[in-house]
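Since the structure comes first, as structure tokens, the remarks are kept for the end.
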Amino acid sequence: MIRHRALAMLKAVSTFKGGISGAFLLLLVIGALFAPWLSPYPYDQQDLGIMNQAPSLTHLFGTDEFGRDVLSRMITGARTSLSVSITAIGISVALGLVLGATCGYFGGTFDRIVMTVIDLTWSFPEILIALMLVAIIGPGLEGVVIAIAIAYLAQFTRLTRTQIMSLKSETYVEATISLGAGHAHVLFSHLLPNALAPVLVAAMLATGDAIILEATLGFFGLGAQPPTPSWGAMMSSGTAQLFIAPWVILLPGLAVALTVVFINLFGDAVIAALDVRAKFREA
Amino acid sequence: MLLDLEMLRISFGAFAPVDQVTLSVDRGEILGIVGESGSGKSLTATAIMGLLPRIGGQVAAGTIRFDGTNLVGLPERQMRRLRGGRIALITQNPMTSLDSMMRIGPQIDQAARLHLGLGRSAARAKSLELMADLRIPDPASVYDLFPHQLSGGMKQRIVIAMALAGDPELLIADEPTTALDVTVQAQIVQILVDLVRQRGLGLILITHDMGVVAQACDRVAVMYCGRVVELAEVDALFAQPRHPYTQALIRCIPRHDMARGTMSAIPGVVPSAAAQPPGCRFNPRCARVADRCRIEIPELRIGVSGNGVACHVAEAA
Amino acid sequence: MIGFTLRRLVLLLPVFFVVSLVVFFIIHLVPGDPIDNLMRAGSTPEQRLQIAAKYGLDRSLVEQYVTWMGRLLTGDLGTSIIQGRPVSALIARNLPYSLELGIAALLFSTLTGIAAGVIAASYQGTRVDDSITGFILLGSTVPSFWLGLLLILVFAVWLGWVPVSGARGWSSLILPTIAAGLGGIALVARVTRIAMIETSRQDFVTLLHAKGLPPFIIQLRHVLRHAMVPVVTILSLRIGWVLGGAVTIEYVFARPGLGSLLIRALNQRDYPLVQGCLLMLAMAVIIGALIGDIVQAAMDPRQREARA
Amino acid sequence: MNRRGFLASVSVVTLAAGLGLAGGYSARASEPEAVFALGSAEIGAPHHDPIRATLLSTVATLIYDRLIEQDVDQSYHPHLAESWENSPDGMNWTFKLRQGVRFHDGEPFNAATIAWWIPKFKGSPNEYLVDAVDRVEVVDDYTVRFVMKRAEPNLIYNLASSFMGIPSPKAYDAAGDNFGVTEAVGTGPFMFESFAVGQETVLVANEDYSWGSDLSNNKGAPHVKRLTLREIPDASTAFLELKTGGVGLLLGVPDQFLPQLQAEEMLDFRSLPGFGITYLAFNTRAEPFGDAAVRQATALAVDQGAILKSVFNGIGLEAHQFLISTLVESKIDPKLEIHHDLAKANELLDKAGWQRGDDGIRVKDGKPLKIKLTAQSETAIKRTAEIVQAQLKAIGMVVEIDIFDSTTVVDQLKKGQHQLAVRQYGWNNADILDWFFSTTNIPYPNSSGWQDEKSQELRNVAMQQSKTQDERVANFRKYQENLIGNFLFVPIHEPVQNYAFNKTMLDVPAKLRGTQLVQATAVDIKVIG
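Protein sequence lines, in the order shown, are assigned to chains A, B, C and D.
Every letter in the first sequence is one number past the one before it in full-length UniProt numbering, and letter 273, counting from 1, is 273.
Every letter in the second sequence is one number past the one before it in full-length UniProt numbering, and letter 18, counting from 1, is 18.
Every letter in the third sequence is one number past the one before it in full-length UniProt numbering, and letter 154, counting from 1, is 154.
Every letter in the fourth sequence is one number past the one before it in full-length UniProt numbering, and letter 450, counting from 1, is 450.
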């Protein structure tokens with residue numbers, strides 16, 4: 001199973017789309033990991049003498065309203081945006097797997113109650129759920145992470161549940177149970193590993209959406225606390241200089257768009273390679 | 001001849017799952033194509049219908065002559081005029097062959113309206129007549145039902161009605177009875193046979209069931225791994241099967257004089273398209289394999305009788 | 001059909017109860033209270049108590065819930081603390097704008113998405129498919145507020161074709177519709193494309209081709225009809241989004257709407273208004289899902305009969 | 001329901017919505033028209049009823065007249081009250097009312113109006129404005145006397161508030177809850193036509209108007225015959241509307257937009273002195289700010305000049321004490337004002353035992369000098385917080401910023417969970433000192449937690465024992481001098497109010513009158529072309 005998946009990854013990367021997008025994402029992750037060493041300037045270094053300067057050789061992406069280097073802030077911002085969305089989706093997937101698997105495996109009243117609530121939140125606009133939760137939890141990255149995690153919980157719960165339900169009906173499961181295996185064993189050793197692939201692909205695509213959601217929350221002034229940059233926060237503060245320093249808002253926006261596009265392309269390549277029925281989006 | 005296939009080769013990229021297929025069928029004649037799944041019978045049918053591009057394949061070599069016209073390379077527009085009109089298809093699974101969201105009647109009407117230029121009411125009248133011909137009870141009310149409201153056998157009759165709606169000259173029935181109950185199977189086969197006899201149609205009956213072949217066909221083409229291994233009159237075939245594969249197939253027909261549990265099967269499996277053995281493709285499973293069979297592919301030699309076999313051993317005999 | 005609908009409606013009662021609980025209590029988890037927002041330099045602590053008493057905020061939460069629920073059953077959503085107007089009146093004033101934008105965006109994203117999905121599916125695996133999928137993807141990956149500002153810059157400021165903002169007539173609806181709908185196109189197109197491709201693989205489609213029907217008729221009259229079933233499901237689940245999801249768009253384009261009403265109320269901790277808006281949205285979501293089920297059942301003859 | 005029916009009903013709804021909106025916006029071509037956008041602080045006013053309102057927009061000042069107007073220099077001018085007099089003991093106010101004033105519905109304005117009006121405040125959120133008034137006596141048709149519960153020199157200030165616009169008694173009582181929503185009747189230069197909450201209010205000129213205040217050049221009907229006031233929450237959008245001519249005038253422009261405004265040829269702007277102060281608020285109950293030396297050092301580390309330049313683009317004034325500069329009470333002993341002095345700040349911390357570590361961060365008793373700075377998510381405030389963060393680094397103080405929405409900030413202050421906060425107030429009266437620093441207002445609005453007998457005594461004198469305006473001024477100066485000496489706040493910036501307009505569309509007087517751009521200036525604005 002593991003080998004099969006590693007092979008699929010290789011296969012994905014070997015396609016054109018997969019290769020390009022994989023390379024971009026790898027660069028991005030490296031950039032985010034080594035942000036402090038890669039940034040030409042400290043991201044929080046203010047220099048009021050050079051506020052809102054256009055891109056130049058000394059500041060490749062220009063400077064912002066405090067004379068800070070936009071490139072450095074974008075590199076550090078990648079770190080914030082990526083870690084927030086990856087952590088959030090990670091939590092969401094973990095919870096969704098447990099919840100969805102339990103619901104799908106045991107069914108019954110518990111399943112019905114959980115799914116009613118899940119369906120309700122699924123149809124609720126993510127942005128409203130996130131805004132509500134951030135108000136409760138408080139601002140800062142933790143709040144945003146939890147808010148995004150819960151906003152996407154419904155998706156993974158549903159997906160896992162569907163997977164488990166269809167796997168459960170397969171004969172080898174009945175065989176395993178008839179051999180005297182416990183429910184937990186069947187669920188976690190047999191069903192969940194098989195249900196994992198589509199959920200992980202969905203998680204990858206959701207990470208893209210989460211980056212956008214993080215940016216949108218940043219637009220409402222929630223999330224990364226200054227001077228920590230995130231792409232969303234940068235765009236938010238950039239709206240005030242739309243005309244005199246458009247790069248402050250345009251570049252992070254572009255970064256978000258490109259990242260999400262590449263995540264999607266890579267996700268598609270992995271789907272193709274894993275031969276997971278692309279149907280999971282409907283689930 | 002109504003339909004003439006010569007040295008047909010079907011390719012999907014580098015693979016050629018069907019090769020050197022030569023067969024023919026005349027008006028009023030029933031040609032059976034038999035073989036295990038994967039032998040290329042359905043692909044051959046798809047090629048005749050001109051539907052290969054839909055599944056990513058193409059005719060790489062050979063000709064398909066229908067009433068004198070070579071269908072290979074025929075523009076799609078002209079092909080479409082033949083399809084459903086002069087050539088019609090009956091598919092394997094009646095459960096999935098009908099549009100579940102559309103009423104029965106209009107689905108039958110379609111071909112008549114398209115190919116015969118009938119109006120709505122004329123097409124309806126023709127459909128009702130066809131349904132009656134096919135012994136569908138109460139055609140008028142069935143006309144307004146949805147597919148899920150019918151039984152499997154009834155659905156297959158509808159599929160046959162759909163095929164007949166365009167007044168075809170050639171009918172290709174791709175395993176028309178596989179998904180049905182045994183009793184229903186016999187009825188459907190009988191309907192097809194009657195159609196050929198009454199209307200003078202040419203029928204290609206694709207099946208893996210030798211029993212059906214014996215019941216209905218005039219001539220038989222036996223396919224294995226994309227090639228025709230034996231072509232013969234049905235009586236000759238059963239009386240004197242020449243290819244070891246044909247012989248094995250006939251041995252597999254359950255007979256009532258056989259003891260229970262002694263049903264024989266051909267040992268080994270059909271090799272996949274990607275892993276064809278060199279030489280005769282049947283050689284790994286053949287009981288009478290010779291050294292030559294492992295090196296050289298035998299060609300189908302058709303004699304004056306119209307019968308032929310592709311086997312080094314049989315020819316030598 | 002009617003029986004099916006009624007059964008579903010009865011099932012909604014416990015859901016409604018749970019929703020009312022969540023909706024009522026969730027706002028109380030948010031720190032701060034509405035009275036501070038009513039206090040201005042010069043007002044006294046006694047006035048604070050008076051206001052609290054006036055809105056029943058001095059009583060226990062359970063008591064407040066019971067009162068609220070009691071009023072709710074008579075159709076009264078209460079009165080906004082900050083705005084001093086009936087919640088139902090405030091919602092009624094904002095709802096048309098949300099509906100207008102929501103339906104326009106939904107139509108835009110659905111029609112474009114279906115068209116794109118159909119074309120992409122028909123040319124599956126070719127360059128046409130790739131470029132349509134790619135283009136739509138690009139549109140859906142841009143944060144909508146950013147896209148909104150960009151659209152304003154290009155079409156309102158530079159080209160001057162449409163007004164910058166506001167909610168006055170159809171011309172001011174164009175940009176918000178695009179900004180709000182672009183994200184949805186990708187979803188609809190994706191679902192349509194996949195459903196079309198899956199449907200095309202079914203036997204009956206092969207048989208339709210075998211009948212000699214022109215491919216576009218097969219795609220539009222048969223395949224698309226089947227592919228619409230999952231699309232309808234997706235759409236019915238987006239009802240909440242139609243009504244309240246355009247907060248950022250409303251903000252950027254200076255449009256009123258339920259989303260903005262809710263967010264403003266949330267920021268001011270206007271309890272009755274937040275509760276009213278949330279309840280509205282939740283009910284819309286539930287009813288949306290129900291309508292989706294019914295429409296889906298109506299579309300599929302098998303379900304139509306089974307549930308009759 | 002079948003699909004076709006569903007789609008049909010959907011399109012009917014859409015169509016109806018579209019038509020309804022389009023119908024409300026039929027322009028009459030011949031008349032001079034203008035569109036203003038309300039300032040962000042005014043957005044979301046649910047109605048235009050001044051008595052019940054907690055949030056009123058500029059609209060109210062156009063529909064209603066007040067008894068008294070206040071000018072940019074904080075002086076008071078007659079409007080519907082021609083003159084007024086306060087008895088020496090402060091217990092009786094007598095107002096002579098202007099004659100010949102009529103409401104939009106034709107009802108006369110007279111003493112009976114006032115006698116009806118003042119009691120209407122009972123139980124309203126604005127009751128405190130006339131709380132000191134015991135009763136209103138009608139002396140004759142155009143003379144009223146307010147009999148006071150206690151002396152209140154500040155009454156005149158209250159009467160100049162925008163909540164003191166006088167509605168038509170007849171219309172008010174008839175409309176009930178709908179007053180200010182579906183109709184609004186006053187005596188002002190503009191008449192109410194329509195109102196879409198959160199979107200726009202449309203007003204038309206009151207052609208019978210002839211009682212403009214002396215703050216306006218034009219005493220008669222306004223030049224703009226049809227005025228739409230739109231609500232645009234996003235400042236960028238509002239700016240773009242102005243740039244493209246969709247809006248003629250913005251009532252309130254964030255300072256960050258001024259450089260962009262100045263770059264546009266057809267745009268111009270006017271300013272009025274500010275209405276408030278941006279400052280840092282200490283929590284004296286939370287360490288390390290219990291120590292006056294730390295507070296003082298923090299105060300001295302803040303460079304108002306740099307903040308003015310970067311956050312506010314040089315617009316507005318540096319603030320060195322707590323009150324807006326147009327108030328006479330703000331003129332305190334200059335030696336007590338808070339000015340940037342980094343050396344002294346560091347010296348103070350050294351003396352207080354905060355030693356610099358190797359990383360530049362100060363440490364005392366093993367605890368680093370690390371504090372939380374609470375701020376709300378509004379651009380100017382957030383940016384101020386960011387720059388203060390950088391400035392406090394210079395005295396070895398590590399600052400972590402916490403951004404909350406405004407209500408949560410208030411909640412934090414109320415619970416004393418903050419250490420340092422960037423705050424902004426808008427109030428043009430010295431009694432704001434009482435509001436934020438009186439012991440009676442602990443825990444909120446006095447979130448500093450400041451409890452000091454001397455301070456409270458000075459507060460009591462200023463608030464309760466001032467009989468005349470002059471006495472009041474002197475008392476409040478002393479009160480602030482005491483507070484500032486205890487370093488309870490760090491004044492940062494006194495914003496100005498900016499009004500931007502399109503000079504190809506509107507002619508706006510060069511000098512604005514009044515405390516804000518409201519009625520007094522609105523009637524003087526002309527439409528070009």
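The C-beta atom is built at its ideal place from N, Cα and C for all residues, glycine as well.
Rounded straight-line distance, which links the Cα of residue j to that of residue i
i	j	result
residue 397/D	residue 292/D	15 Å
residue 314/C	residue 411/D	Because chain C is modelled from 1 through 308, residue 314/C falls outside the range shown and cannot be assessed.
residue 229/A	residue 80/A	7 Å
residue 415/D	residue 283/D	11 Å
residue 181/D	residue 202/D	12 Å
residue 100/D	residue 214/D	17 Å
residue 63/C	residue 118/A	28 Å
residue 494/D	residue 30/C	32 Å
residue 236/D	residue 262/D	15 Å
residue 305/B	residue 280/B	24 Å
For residue i, the three-state DSSP class (helix, strand or coil)
i	result
residue 318/B	As displayed, chain B neither begins before 1 nor continues past 317, which places residue 318/B out of reach and without an answer.
residue 231/D	coil
residue 253/D	coil
residue 526/D	strand
residue 53/D	coil
residue 290/B	coil
residue 245/B	helix
residue 7/B	strand
Neighbour-count burial assignment, residue i, 16 or more Cβ in a 10 Å radius
i	result
residue 252/B	exposed
residue 366/D	exposed
residue 82/C	buried
residue 69/C	exposed
residue 142/C	buried
residue 36/D	buried
residue 111/B	buried
residue 45/C	exposed
residue 207/D	exposed
7 Å Cβ shell around residue i - same chain, five flanking residues per side excluded
i	result
residue 359/D	none
residue 12/B	56, 57
6 Å Cβ shell around residue i - same chain, five flanking residues per side excluded
i	result
residue 186/B	none
residue 139/A	222
residue 226/B	17, 18, 19, 40
residue 92/B	174, 175, 178
Worksheet item: Which runs of the alpha helix (DSSP H) spanning at least 4 residues fall entirely within the region 363-402 of chain D, listed in chain order?
Response: Taking only runs of at least 4 residues, the alpha helix (DSSP H) segments lying wholly in the region 363-402 of chain D are 379-393.
Item to complete: At 4 residues or longer, and completely inside the region 200-255 of chain A: list those alpha helix (DSSP H) runs for me, N to C.
Response: 231-238
Worksheet item: What runs of the beta strand (DSSP E), each 3 residues or longer, lie entirely inside the region 482-518 of chain D?
Response: 489-494, 497-502
Worksheet entry | Complete alpha helix (DSSP H) runs within the region 145-184 of chain D (minimum length 4 residues, chain order) | 155-159, 169-175
Fill in: alpha helix (DSSP H) runs wholly inside the region 178-230 of chain B, at least 4 long, in chain order
182-199, 210-216
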